[in-house]
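These notes concern the structure reproduced below.
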Amino acid sequence: MRSEEILERLLQLAARLYAETEGFEQRSEDAQLWYNRGYANGMLTRLAELGYAEYIRRADINPDREGVVADQALLPWGKAYTHGYEVGYRETLEVLGGQP
Numbered sequence: 027m028r029s030e031e032i033l034e035r036l037l038q039l040a041a042r043l044y045a046e047t048e049g050f051e052q053r054s055e056d057a058q059l060w061y062n063r064g065y066a067n068g069m070l071t072r073l074a075e076l077g078y079a080e081y082i083r084r085a086d087i088n089p090d091r092e093g094v095v096a097d098q099a100l101l102p103w104g105k106a107y108t109h110g111y112e113v114g115y116r117e118t119l120e121v122l123g124g125q126p
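To convert, count from 1 in the sequence shown and add 26; that's this note's numbering.
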C-alpha cells in the first residue's frame, strides 16, 4: 500500500474515532471512549510531528487542545486516555514504516 493511502486511512480512522468519542469527557464510566479518544489524539500528534498537519486540517479534523484531560490523569478513565494516546502515537509511526 502506498504511503498516501496509508495516510488517508489513518486520517479516516482518527475522524471516525473523534465522531465515536464525542462528549467523552462526560462519560467517565466508559474507559473505552477515553482510550479511543486518546488513541486518536496520539495519532494526530504523531502525524503533525511528521509534517502532516496540513493533511489533518484538510481532513477537517480539529485535534483537542493539549492537556485536555490533565485534571483527570490519575483517575482510571484518565489513565485509559493516556494509554490510548501512547499506543496511538507509537503505532502511527509503526504503520507508516518508521518514516514520514
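From the three backbone atoms N, C-alpha and C, an ideal C-beta is built for every residue, glycine too.
- The criterion of a C-beta distance shorter than 8 angstroms is not satisfied by Y78 and G114.
- For the pair L37 and A85, the CB atoms are nearer than the 8 angstroms cut-off.
- Sequence-distant partners of V121 (beyond 5 residues in either direction) whose C-beta falls short of 8 angstroms from its own C-beta, in its chain, are I32 and L36.
- Taking 8 angstroms as the cut-off, the Cβ atoms of Y44 and H109 do not count as close.
- Per DSSP, S54 lies in no alpha helix (DSSP H) segment and is marked neither H nor E.
- Taking C-alpha positions only, L70 is separated from L76 by approximately 10 angstroms.
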